[in-house]
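Shown next, in structure tokens, is the structure this report addresses.
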Amino acid sequence: GEDVEQSLFLSVREGDSSVINCTYTDSSSTYLYWYKQEPGAGLQLLTYIFSNMDMKQDQRLTVLLNKKDKHLSLRIADTQTGDSAIYFCAESGGVQAGTALIFGKGTTLSVSS
Amino acid sequence: DGGITQSPKYLFRKEGQNVTLSCEQNLNHDAMYWYRQDPGQGLRLIYYSQIVNDFQKGDIAEGYSVSREKKESFPLTVTSAQKNPTAFYLCASSPSGAYYEQYFGPGTRLTVT
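Just so you know, the protein sequences line up as chains A and B, in that order.
FYI, in the numbering used here the residues of the first sequence are 13 to 125.
FYI, in the numbering used here the residues of the second sequence are 13 to 125.
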């Protein structure tokens, strides 16, 4: 079945770069997403990448997609304490509108000053 | 402001009681979703609805029920048949279109004792 895997924890120092990795199994995935969840809150979409792209950059965020290895990564440059949160990778595959996303278990990013 | 509202933020119930969680959106989205989040488990899909008066079971639908009588509203009932109802419940919606970005509400934390 479809599955999305992420490492559970990442700890970095303020000002360093963070790299959060994700692997997925559904080769038909059309879009891949990164969401951020702060404590006690809902999920906020950070960025997404279409499956025919290799890279997408959005300010401090860089998404890299290796479709052959089904590997997705999110790099946060100049990580700040406000970036401390849980980051979820998610995939979607259907051509039908409203297809449910499949989420990984989330990576908890801890940023120390 | 457009968005998704969930109420209440915190809900306490005694074991054996049914409880209904509210989810309303004014984004004019066709599709709506309910997820359950437990620590270290990521998000698991309970039910989703792609159109009014229609809904489908997700991965963990047992012990839950939903209705979709209006486009804006997708309430979730946690029944007494749900064995472990204590969790954080997240509602989301998504538009029809080329990709399936989901917008999340702030969540409801349900505690059953």
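Here a beta-carbon is modelled for each residue, glycine too, at the ideal position from N, C-alpha and C.
Any chain B beta carbon closer than 7 Å to residue i
{"i": "residue 116 of chain A", "result": "yes"}
{"i": "residue 182 of chain A", "result": "No information on residue 182 of chain A is available, as it lies outside the stretch 13 to 125 that chain A covers here."}
{"i": "residue 57 of chain A", "result": "yes"}
{"i": "residue 34 of chain A", "result": "no"}
{"i": "residue 84 of chain A", "result": "no"}
{"i": "residue 27 of chain A", "result": "no"}
N- and C-terminal bounds of the beta strand (DSSP E) containing residue i
{"i": "residue 54 of chain B", "result": "54-63"}
{"i": "residue 25 of chain B", "result": "22-25"}
{"i": "residue 21 of chain A", "result": "21-25"}
{"i": "residue 102 of chain A", "result": "97-104"}
{"i": "residue 32 of chain A", "result": "30-36"}
{"i": "residue 83 of chain A", "result": "83-88"}
{"i": "residue 100 of chain B", "result": "99-106"}
{"i": "residue 119 of chain A", "result": "119-124"}
{"i": "residue 17 of chain A", "result": "16-18"}
{"i": "residue 62 of chain A", "result": "55-62"}
{"i": "residue 67 of chain B", "result": "66-69"}
Contacting residues, own chain, Cβ-Cβ under 6 Å from residue i (five flanking each side not counted)
{"i": "residue 67 of chain A", "result": "76"}
{"i": "residue 50 of chain B", "result": "99"}
{"i": "residue 35 of chain A", "result": "17, 82, 83"}
{"i": "residue 116 of chain B", "result": "102, 104"}
Close beta carbons around residue i, own chain, < 8 Å, minus the five adjacent residues each side
{"i": "residue 65 of chain A", "result": "77"}
{"i": "residue 108 of chain A", "result": "For residue 108 of chain A, the predicted model reports a pLDDT of 48, less than 50, meaning its position is unreliable; a value from the coordinates is still stated below. No residues qualify anywhere along the chain."}
{"i": "residue 74 of chain B", "result": "93, 94"}
{"i": "residue 110 of chain A", "result": "Here the model assigns residue 110 of chain A a pLDDT of 49, short of 50, so the residue's position is not dependable, and the following value carries that caveat. For residue 110 of chain A, where only same-chain residues beyond five positions count, there are no Cβ hits under 8 Å."}
{"i": "residue 118 of chain A", "result": "18, 20, 49, 98, 99, 100"}
{"i": "residue 41 of chain A", "result": "63, 103, 104, 105"}
Beta-carbon neighbours of residue i, restricted to chain A and to distances below 9 Å
{"i": "residue 37 of chain B", "result": "Neighbours of residue 37 of chain B on chain A: none; closest Cβ ~12 Å, over 9 Å."}
{"i": "residue 57 of chain B", "result": "112, 113, 114, 115"}
{"i": "residue 33 of chain B", "result": "Within chain A, no residue comes near residue 33 of chain B; the closest Cβ sits about 13 Å away, beyond 9 Å."}
Sequence-distant residues of its chain with Cβ nearer than 7 Å to residue i (five each side left out)
{"i": "residue 138 of chain A", "result": "As displayed, chain A neither begins before 13 nor continues past 125, which places residue 138 of chain A out of reach and without an answer."}
{"i": "residue 59 of chain A", "result": "46, 68, 70, 73, 75"}
Chain A contact residues for residue i, given Cβ-Cβ distances below 7 Å
{"i": "residue 86 of chain B", "result": "The premise fails here: residue 86 of chain B is roughly 12 Å from chain A at the closest Cβ pair, so nothing lies under 7 Å."}
{"i": "residue 24 of chain B", "result": "Simply none; closest approach about 16 Å."}
Closer than 8 Å at the beta carbon, the chain B residues around residue i
{"i": "residue 89 of chain A", "result": "Simply none; closest approach about 23 Å."}
{"i": "residue 100 of chain A", "result": "54, 55"}
Short CB-CB distance (under 7 Å) between residue i and chain A
{"i": "residue 20 of chain B", "result": "no"}
{"i": "residue 67 of chain B", "result": "no"}
{"i": "residue 60 of chain B", "result": "yes"}
{"i": "residue 118 of chain B", "result": "yes"}
{"i": "residue 122 of chain B", "result": "no"}
{"i": "residue 15 of chain B", "result": "no"}
{"i": "residue 45 of chain B", "result": "yes"}
{"i": "residue 54 of chain B", "result": "yes"}
{"i": "residue 74 of chain B", "result": "no"}
{"i": "residue 27 of chain B", "result": "no"}
{"i": "residue 81 of chain B", "result": "no"}
Cβ-Cβ separation, residue j to residue i (assumed contact under 8 Å), whole Å
{"i": "residue 24 of chain B", "j": "residue 123 of chain B", "result": "5 Å"}
{"i": "residue 88 of chain B", "j": "residue 63 of chain B", "result": "Wrong, their Cβ atoms sit about 17 Å apart, outside the cutoff."}
{"i": "residue 70 of chain B", "j": "residue 112 of chain A", "result": "7 Å"}
Contact list for residue i against chain B, beta-carbon separation under 7 Å
{"i": "residue 54 of chain A", "result": "102, 116, 117, 118, 119"}
Proximity test, Cβ basis, 7 Å: residue i and chain E
{"i": "residue 59 of chain B", "result": "The structure shown contains no chain E; its protein chains are A and B."}
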